[in-house]
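**Q** The sequence shown runs 184 to 311 under my numbering.
All C-beta atoms in this analysis are idealised placements derived from N, C-alpha and C, irrespective of residue type, glycine included.
No experiment lies behind these values; they were computed from the predicted model shown.
This structure is in structure tokens; I'll ask about it shortly.
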Amino acid sequence: MVTDKLKELDATRAKLASLEKSIADELNKELAALPGKYGFDSAKAFLAAVRAATAGRRGKAKPAKAGKAAKAGGRKRRTRAVITDETRAQVKKLVDAGKTGTEIAAALKISVPSVQNIKKALGLVKKR
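See the structure below:
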């Protein structure tokens, strides 16, 4: 029983090796035919054209410049807020007036984490 399975395993390995060799042969034939398929006389001329098309870049080809909005997944990127002493004073005033962090952020056009950081720096956040 075990010897039959071992023989079957050897036969399967031989078949796999044969398939791998045939795939490698087909791949080599397809690669050798590429220059002629695209109208080049030799593989050397084909490679030179590919290098010229990629301008010597290595790795992943970079897409054409699409602007900051496209890089941010279709959203417009926010500009970095400059936090001044005046901004801190306004945050303190709004906190004293009972405004929430989200309301303060919207009023001052800064992010909620920035509001939280300012509140923490001013000592307006309760300790846990």
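#1: Taking only runs that begin and end inside the segment 197–244, name each unbroken alpha helix (DSSP H) of 4 or more residues, in chain order.
#2: Kindly indicate which three-state DSSP category T262 falls into: helix, strand or coil?
#3: Below 8 Å CB to CB, which residues in the same chain sit around S297 once its five sequence neighbours on both sides are set aside?
#4: Please say whether A215 and A197 have beta carbons closer to each other than 9 Å?
#5: Can you find the residues in the same chain that come closer than 6 Å, C-beta to C-beta, to V278, ignoring five residues on each side of it along the sequence?
#6: Going straight from the alpha carbon of R258 to that of Q299, what length do you get?
**A** Answer, in terms of the structure:
#1: 226–237
#2: coil
#3: A264, I266, A288
#4: no
#5: L307
#6: 24 Å
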